[in-house]
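Residue numbers (this note's numbering): 1492 to 1579.
This is how it looks when you write it as structure tokens:
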């Protein structure tokens, strides 16, 4: 994540089109060794569980399927925000 963009400094050297960032991230994935890839998957799983636990804490009346649906909707909204703003 680029600090200048988040702070709105408008430094054109640090601003990239989101699609370019995605391509760069994909290319970096090809250069990662297996241990790094495994650690990335482990980190994702941990973050997912923590986020799901947060959803359950906010909405204790939800069952497992409903909590997952809320989390999926939040992720969808975040992706849309990321695509439309180019900030995240």
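We treat Cβ as the ideally placed atom computed from N, Cα and C, and that holds for glycine.
Distance, residue j Cα to residue i Cα
i: residue 1535; j: residue 1526; result: 14 Å
i: residue 1545; j: residue 1528; result: 26 Å
i: residue 1542; j: residue 1552; result: 16 Å
i: residue 1567; j: residue 1574; result: 11 Å
i: residue 1556; j: residue 1531; result: 25 Å
i: residue 1572; j: residue 1565; result: 10 Å
i: residue 1538; j: residue 1519; result: 21 Å
i: residue 1563; j: residue 1524; result: 29 Å
i: residue 1548; j: residue 1561; result: 12 Å
i: residue 1576; j: residue 1554; result: 33 Å
i: residue 1533; j: residue 1540; result: 11 Å
Within 9 Å, strictly: CB atoms of residue i and residue j
i: residue 1558; j: residue 1570; result: no
Range covered by the alpha helix (DSSP H) that runs through residue i
i: residue 1525; result: 1525-1549
i: residue 1571; result: 1555-1576
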